[in-house]
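Everything on this sheet refers to the single structure shown next.
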Amino acid sequence: MENMLAILAALVVAALMIWPLWTGIYDPEEKGRRAFTCAIATSVWTWWYLAHIDGMTWAATTLVILALALFVRPARVLLPLGAWLVSWRYRTSKKSATYFVERVIGLRPIGSRDYRADVTVYKDGETKLSFDCGVAGVTTETVTRVCEEALGAMRCVTVTVTPESPGRWTIRYYRDLPEDPLDDVHELAHLKPWNGTMVRYGVTGDGSPATLSFAQTSGIVVGGVPGAGKSAGAIDLVAPLLASDRARVFVFDGKGGADWEWAREAAASFYQDDGDIGAVADRLEKLDTEMRRDLRGHPWGTDPDFWHGGPSSEHPFHLVVIDECQTYFDATGLDKDGKAAVARCVRAVTDLVKKGRSAGWCCLLLTQKPTSEALPTAIRDNAAMRLAFRVTTAEAAKAVLGTIPDGDPSPTEIPASRRGGAVVQGEDGHTQAVRFYYMSPETAQQELARLKPTEPKPAPNPYVRWASMSTLEQVEQDLMQ
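Using UniProt numbering, the letters of the sequence shown map in sequence onto residues 1 to 481.
Put into structure tokens, the structure is as follows:
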């Protein structure tokens, strides 16, 4: 009779436990397996207690339960109410990542508890959650949708989901609409010379500094519609190198305007004529020859990789800047000689981009026409760094950045009012929104004159052109300046 009562009591306990568990109060995604495990374990222990009512058995059983709870962690879920008790503090603590992932947001992948999460709650109401789902195939769109559905539960007005790596995201919930660092214009009044590796050129979407490393980089492609801020942004990238004795910068202004006048005095070579493509081809081939000589002889030391020792005043880094590169790469509408000159330009720059990395050479190519005709794929695909200012079509964005992962920032989303706004592609293939600092050309020229005073160069005589020397001699003279 006592055993029958014990069994009946155990069944009642099991029923009372299974009902709230099955209806989703505890865990709606694994309610079946976990509910029955917890219910059966609790029922067995209840029957044992009721069937053995003598004091010694109760005491011994209690000691066994305590021993299991203290020393055998995996067995805790088999104790009376074990699954509840083990997870209770994680599911109720508002400082626990498990609390946010499972109870508030509902972000845990179905059927899996292998995720990793870390949460930080700030005083201003922002909640930052680092989440690694541990399951392949989960997309940023899915995570974003789930996080947006939980805005009410989080008592927040907006959420941002930033992909960090495949299967890993940084999620930020905000009680109030945060200020966008990309909406502010950061104007610079002083120039800091290049440190030999990277330049700081702007801010990212979370307010952290945006930097670009020239180390181990042989090609940088910059695209964007006219007026998006390419030329102004180039000041942030090039001016620090012009102010440093660790770099030599060669400027080819394919626009033929005054956008690069600020760099004329500090550049190792400056060419502004957009009409004589043959002369540009001569100069680029001369630079390609110099790069090959450095590649074969590595004059900086015995190590064949220039960047293992880094740039110095004796052995500087070489940067070839070609603004509006489509002027020299696009053969559309040219005659036979013009097409031949364009082919020479493409060959020289392709060689510089493909082979210049270990020799300490890099090409910075800017264009408002990022098509395969204006920017050959052999050059673009070998460029390790790509930046896109505002563009109007998805095709133009793809031409500069390649395939943009779903959910990542796109240059087509940059508002026209945000001059200097851009999207940069990282080494992992994901894109990041940035905004370039602004330094006026006049300020850049004054800072270069202050940091790197040079002897004034004589202005070219527009009436006497190539009269007293050959093209090759003119190139050599420009390179020596």
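Virtual Cβ for every residue (Gly too), placed ideally from N, Cα, C. In this text the structure is predicted, and so the values were computed from the model without any measurement.
Taking the Cα of Leu-151 as reference, the smallest distance to any Cα among Phe-131, Asp-176, Arg-380, Ser-130 is reached at Asp-176.
Using a 10 angstroms sphere on the CB of Leu-334, the tally of other CB atoms stays under 16, which defines it as exposed. Between the C-alpha atoms of Arg-103 and Met-154 there is a straight-line separation of about 11 Å.
Distance from the CA of Asp-406 to the CA of Ala-388, rounded to the nearest whole angstrom, comes to 17 Å. Val-321 is the residue among Ser-372, Cys-156, Gly-402, Val-321 whose C-alpha sits nearest the C-alpha of Val-249.
In the displayed model, Val-320 falls within a strand according to three-state DSSP.
Looking at Gly-420, Pro-441, Asp-428, Thr-443, the one whose alpha-carbon comes closest to that of Gly-223 is Gly-420. With fewer than 16 neighbouring CB atoms inside 10 Å of its own CB, Thr-120 falls in the exposed class.
Straight-line measurement puts the Cα of Pro-376 at about 14 Å from the Cα of Lys-339. Per DSSP, Gln-446 is not a residue of any beta strand (DSSP E); the alpha helix (DSSP H) it occupies stretches across 441-451. Selection Leu-182, Asn-195, Gln-368, Gly-106 evaluated against Val-434 yields Leu-182 as nearest (Cα-Cα). Within the same chain, and ignoring the five residues on either side of Ser-165 in sequence, the residues whose Cβ sits closer than 7 Å to its Cβ are Asp-428.
Its chain contains Tyr-438 as the residues whose beta carbon lies nearer than 6 Å to that of Glu-187, once the 5 sequence neighbours on both sides are disregarded; these appear in chain order. No residue range can be given for Glu-126, since it is assigned to no alpha helix (DSSP H) and is classified by DSSP as neither H nor E. For Trp-300, the CB contacts under 7 Å within the same chain, skipping 5 residues up- and downstream, are Phe-306, Gly-309, His-315 in chain order. Per DSSP, Asp-236 is one residue of the alpha helix (DSSP H) stretching across 230-242.
Listed as beta-bridge partners of Thr-431 by DSSP are Gln-425.
Per the C-alpha coordinates, the member of Ala-397, Lys-255, Leu-107, Gly-196 positioned closest to Asp-323 is Lys-255. Checking the DSSP bridge columns, you'll see Tyr-174 partnered with Thr-158.
When the five nearest sequence neighbours on each side are left out, the beta carbons in the same chain lying within less than 6 Å of the beta carbon of Pro-226 are those of Gln-368, in order along the chain.
C-alpha of Thr-350 to C-alpha of Pro-304: approximately 21 Å in a straight line. Excluding its 5 nearest sequence neighbours in each direction, Gly-106 has C-beta neighbours in its own chain below 7 Å: Val-146, Ala-150, listed in chain order. With 16 or more other Cβ atoms from the protein chains shown falling within 10 Å of its own Cβ, Glu-447 counts as buried.
DSSP, reduced to helix, strand and coil, places Tyr-328 within a helical segment of the structure shown.
In the DSSP annotation of this structure, the continuous segment of the beta strand (DSSP E) that includes Asp-253 starts and ends at 247-253.
Under the DSSP assignment, Ile-220 falls in the beta strand (DSSP E) whose first and last residues are 219-223. Taking C-beta separations shorter than 6 Å and ignoring five residues to either side along the sequence, the partners of Leu-191 in its chain run Ala-239, Ala-243, Glu-447, following chain order. By the Cβ criterion, the segment 348-365 is in contact with the segment 282-298, since at least three pairs of Cβ atoms, one from each stretch, lie closer than 8 Å.
Around the Cβ of Val-157, a 10 Å sphere holds fewer than 16 other Cβ atoms; the residue is exposed. Around the Cβ of Arg-386, a 10 Å sphere holds 16 or more other Cβ atoms; the residue is buried.
If you look at Phe-100, you'll find it isn't in any alpha helix (DSSP H); DSSP assigns it neither H nor E.
At least 7 Å separates the beta-carbon of Val-346 from that of Asn-382. Annotation note: the segment 263-308 contains the following uninterrupted alpha helix (DSSP H) runs of length 4 or greater, listed N- to C-terminal: 277-297. With a threshold of 16 other beta carbon atoms within 10 Å, Asp-408 meets it and is buried. Taking a C-beta distance under 7 Å as the contact criterion, Gly-202 and Ala-210 qualify as a contact pair. Per DSSP, the continuous alpha helix (DSSP H) segment holding Ala-394 begins and ends at 394-401.
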